[in-house]
Amino acid sequence: VQEYGVDFEEVFAPVARIETIQLLINIAASNGWEIHHLDVKTAFLHGELKETIYVKQAEGFEQKGSENKVYKLHKALYGLRQAPRAWNHKLNQILTELNFFKCSKEPSVYRKEIREHLLVIAVYVDDLFVTGTNMGVIEEFKEEMASKFEMSNLGKLTYYLGIEVDQHEKGITLNQRRYAMKVLEETGMWGCNAVHTPMEMRLQLSKAEKENEIDAS
Numbered sequence: 001v002q003e004y005g006v007d008f009e010e011v012f013a014p015v016a017r018i019e020t021i022q023l024l025i026n027i028a029a030s031n032g033w034e035i036h037h038l039d040v041k042t043a044f045l046h047g048e049l050k051e052t053i054y055v056k057q058a059e060g061f062e063q064k065g066s067e068n069k070v071y072k073l074h075k076a077l078y079g080l081r082q083a084p085r086a087w088n089h090k091l092n093q094i095l096t097e098l099n100f101f102k103c104s105k106e107p108s109v110y111r112k113e114i115r116e117h118l119l120v121i122a123v124y125v126d127d128l129f130v131t132g133t134n135m136g137v138i139e140e141f142k143e144e145m146a147s148k149f150e151m152s153n154l155g156k157l158t159y160y161l162g163i164e165v166d167q168h169e170k171g172i173t174l175n176q177r178r179y180a181m182k183v184l185e186e187t188g189m190w191g192c193n194a195v196h197t198p199m200e201m202r203l204q205l206s207k208a209e210k211e212n213e214i215d216a217s
């Protein structure tokens, strides 16, 4: 159990807002840019800790003769309260070293100008949303990140934050069919009757006999 002020202090880590992702998709569609998706494997394990933290040896993996000794952590582990923030600091450090500039209004968005081309990155924990004016600079960025972390190159973006993304010649189409199906399944509503609007079926609306007066001042 971690104690605030002893084992951790600040835990906040910025992530891209859904409105930000929608805006970047709109910009990419308007300019004909491709959007690509990268995932950092075991991202939290890269975060460097400021606090001094000790952990017990994992059950079944104790060192013989030293069962009562503990490990001192140098990097974060999944489950630590400060792990997301530590990872975000590490990623920010790497992107800064790669000459990216953080957006002053949206700290999860970074931009970089390369040989008259623009590269834009949005961060949601360990998922990287990548777009820009040229595929060459996007591929260069993928190689740079692969040299820093173990990455999953997911190619062109097809699904992000519950939104299905279809990139085609005429633009970008978004839908949330998969997310809606997941909600139906989780709520036990898979077999419900489909309707076109969320309004109650056969609802009869009547005019209010007395309307509430509104103070226009």
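When the letters of the sequence shown are read in order and numbered with our numbering, they come out as residues 1 to 217. From the three backbone atoms N, C-alpha and C, an ideal C-beta is built for every residue, glycine too. Quantities reported herein were computed from a predicted structural model and do not represent experimental measurements.
Neighbour-count burial assignment, residue i, 16 or more Cβ in a 10 Å radius
{"i": "residue 160", "result": "buried"}
{"i": "residue 131", "result": "buried"}
{"i": "residue 87", "result": "buried"}
{"i": "residue 206", "result": "exposed"}
{"i": "residue 110", "result": "buried"}
{"i": "residue 133", "result": "buried"}
{"i": "residue 8", "result": "buried"}
{"i": "residue 141", "result": "buried"}
{"i": "residue 174", "result": "exposed"}
{"i": "residue 46", "result": "buried"}
{"i": "residue 194", "result": "exposed"}
{"i": "residue 21", "result": "buried"}
{"i": "residue 203", "result": "exposed"}
{"i": "residue 170", "result": "exposed"}
{"i": "residue 90", "result": "buried"}
Residues of its chain near residue i, where Cβ-Cβ distance is below 6 Å and the 5 sequence neighbours each way are ignored
{"i": "residue 78", "result": "44"}
{"i": "residue 84", "result": "13"}
{"i": "residue 167", "result": "156"}
Three-state secondary structure (DSSP) of residue i
{"i": "residue 162", "result": "coil"}
{"i": "residue 92", "result": "helix"}
{"i": "residue 201", "result": "coil"}
{"i": "residue 136", "result": "helix"}
{"i": "residue 48", "result": "strand"}
{"i": "residue 212", "result": "coil"}
{"i": "residue 100", "result": "coil"}
{"i": "residue 151", "result": "strand"}
Residues that residue i bridges to, as DSSP identifies them
{"i": "residue 35", "result": "131"}
{"i": "residue 173", "result": "166"}
{"i": "residue 113", "result": "118"}
{"i": "residue 4", "result": "8"}
{"i": "residue 123", "result": "128"}
{"i": "residue 179", "result": "According to DSSP, which records beta bridges pairwise, residue 179 is partnered with nothing at all."}
{"i": "residue 156", "result": "36"}
{"i": "residue 70", "result": "56"}
{"i": "residue 64", "result": "None, per the DSSP bridge assignment."}
{"i": "residue 75", "result": "48"}
Supposed contact pair residue j and residue i - C-beta distance, whole angstroms, cut 8 Å
{"i": "residue 135", "j": "residue 67", "result": "Contact flag wrong, Cβ pair sits at about 55 Å."}
{"i": "residue 49", "j": "residue 76", "result": "6 Å"}
{"i": "residue 137", "j": "residue 82", "result": "Their Cβ separation, rounded to whole angstroms, is 33 Å, which puts residue 137 and residue 82 out of contact at 8 Å."}
{"i": "residue 94", "j": "residue 148", "result": "5 Å"}
{"i": "residue 164", "j": "residue 177", "result": "6 Å"}
Test: residue i CB closer than 9 Å to a CB of chain C
{"i": "residue 214", "result": "Absent from the structure is chain C; it holds one protein chain and no more."}
Contacts around residue i, its chain only, beta-carbon distance under 8 Å, and the 5 residues preceding and following it disregarded
{"i": "residue 39", "result": "126, 127, 128, 151, 152 and 154"}
{"i": "residue 107", "result": "14"}
{"i": "residue 72", "result": "52, 53 and 54"}
{"i": "residue 28", "result": "34, 35, 131 and 172"}
{"i": "residue 63", "result": "57 and 69"}
{"i": "residue 101", "result": "110, 111 and 112"}
{"i": "residue 198", "result": "none"}
Spatial neighbours of residue i in its chain, beta-carbon cut-off 7 Å, leaving aside the 5 residues before and after
{"i": "residue 145", "result": "38 and 151"}
{"i": "residue 183", "result": "none"}
{"i": "residue 179", "result": "162"}
{"i": "residue 24", "result": "120, 122, 129 and 131"}
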